[in-house]
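The block underneath contains the structure these notes are about, expressed in structure tokens.
Residue numbers (our numbering): 181 to 601.
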């Protein structure tokens, strides 16, 4: 009998399989796709945001309180430094961005990371079976006894479920784990998109697609019944990318969970192009520049604004200003509208936050039904859960991959120690 079966060859699954095998367990890793790490390959736009450089306590605090409490034990048992050592020990070089996000040094990218992890897995003696979709979990008298594949049972005494969520189904993440676990009596917390693009109404003009705003703040607000903007839901600072359906990039991903959870309530999003300046400071600068350059057009007045030339005219039109008007004709009321727009440019109402396009899905197996020190199910003996199948979703910045690495290691530790006793 196989001591440990790991279902899912993504971030958490590979780490779980590697750790269990290193501890002496006989391990079989089952992956429904034809290669390991398919979702890792798209992380960080293929560049692979490996983890975050902060202290583990700082990283933990980026999650919601119940999630942070659950992750405490695993984060201290397997840290960001521990994970990076796995990579750098194989010659892979990494670097840290000013915002703390850690990436491989180009031209190394996500596929190289997957290769290193797969090498660790295979060198540890893990038997890897690709193109091997699991159909169900077999439980006998409250304990795991195997999995069903093509109608046949593959027996095991310990089972690790690391199948991920349901975003980017082309990577194999189709929510299988939640279906199996719900059938076994686990509670599945409502699933919503997290770290997902925002689809807007109206959609951005076609020629905006691919245009980026750098180091801005995207602010999501409640939309009141009278269509006025209301209380802020969430804001995030970073880059913004316009798409043919709406907005993406770190800022959109950063606010997406709160917006998705608020549905069916409407939300609008606005861009602050001067996050380090107050409205009064922006207004005063506009006044000084207009007075110094009375013959300049309003289009010329904002030529130094931190937005691409293609978007300057639309921004002025959004402020109900004529781009060809002269600065000499700019009234105080006009200037206030322009300053307000630069500090809060309304880019649309959110019509959807697509679950299938999110890098992470919020919701999943209720955390109180899993032992955070071992990742073992409190309902089924010998069943261990790790990674995105759990109700954990951190912000953009490498936090979710660290959660996958850490919970995967703990699941592998626990399953192996129980299997070989």
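C-beta atoms are modelled at their ideal positions from N, C-alpha and C, and glycine is treated no differently. These figures come from a predicted structure and were not determined experimentally.
For residue 542, the enclosing beta strand (DSSP E) has its first and last residue at 540-545. A contact between stretches requires three or more CB pairs, one per stretch, nearer than 8 Å, and the stretch 559-579 fails this requirement with the stretch 394-408.
Secondary-structure assignment with DSSP links residue 414 through a beta bridge to 400.
One alpha carbon belongs to residue 515, the other to residue 292, and they sit about 52 Å apart.
For residue 283, there is no enclosing alpha helix (DSSP H); the enclosing beta strand (DSSP E) has its first and last residue at 281-284. Residue pairing by DSSP places residue 256 in no beta bridge whatsoever. Nearest to residue 216 by alpha-carbon distance, out of 259, 199, 530 and 311, is 311. Its chain contains 290, 291 and 294 as the residues whose beta carbon lies nearer than 7 Å to that of residue 221, once the 5 sequence neighbours on both sides are disregarded; these appear in chain order. By the neighbour-count criterion, in which 16 or more other beta carbons inside 10 Å mark a residue as buried, residue 445 falls on the exposed side. Contact holds between the stretch 476-492 and the stretch 505-512, because three or more Cβ pairs, one in each stretch, are under 8 Å apart.
Of the candidates 409, 570, 557 and 431, 409 places its Cα closest to the Cα of residue 529.
Judged by DSSP in its simplified three-state form, residue 374 adopts strand. Take residue 429, set aside five residues on each side of it, and the residues of its chain with a beta-carbon closer than 6 Å to its own are 419, 420 and 421, in chain order.
Per DSSP, residue 551 is not a residue of any alpha helix (DSSP H), being assigned neither H nor E. Closest option to residue 496, judged by alpha-carbon separation, among 274, 527 and 371: 527.
Proximity to residue 318 across 309, 539 and 333 peaks at 333, based on C-alpha coordinates. Closest in alpha carbon position to residue 271, among 441, 524 and 288, is 288. Of the residues 441, 415, 577 and 361, the one whose Cα lies closest to the Cα of residue 450 is 415. In the structure shown, the three-state DSSP call for residue 489 is helix.
For residue 275 and residue 499, the gap between their C-alpha atoms comes out near 41 Å. For the options 476, 390, 266 and 301, the alpha carbon positioned closest to that of residue 488 is the one of 390. Note that the C-beta distance between residue 583 and residue 592 is not below 8 Å. In the three-state scheme derived from DSSP, where H, G and I count as helix and E and B as strand, residue 450 is classed as strand. Excluding its 5 nearest sequence neighbours in each direction, residue 382 has C-beta neighbours in its own chain below 7 Å: 528, listed in chain order. Looking from the CA of residue 314, the closest CA among 302, 232, 331 and 540 belongs to 331. Here DSSP, grouped into helix, strand and coil, assigns residue 270 to coil. Using a Cβ distance threshold of 8 Å, residue 491 and residue 518 do not count as a contacting pair. The shortest C-alpha to C-alpha distance from residue 433 to any of 525, 546, 224 and 233 is the one to 224.
Fewer than three pairs of CB atoms, one per stretch, sit closer than 8 Å, so the stretch 461-478 makes no contact with the stretch 541-551. Cα atoms of residue 297 and residue 198: separation of roughly 9 Å, rounded to the nearest angstrom. Remark: C-beta atoms of residue 586 and residue 554 do not approach each other more closely than 8 Å. In this structure, the beta-carbon distance from residue 550 to residue 581 does not fall below 8 Å. Rounded to whole angstroms, the gap between the alpha carbons of residue 368 and residue 329 is 24 Å. Classified as exposed, residue 363 has fewer than 16 neighbouring CB atoms from the shown chains inside 10 Å of its CB. Bounds of any beta strand (DSSP E) do not take in residue 388, whose DSSP letter is neither H nor E. Judged by their CB atoms, residue 200 and residue 596 are nearer to each other than the 8 Å cut-off.
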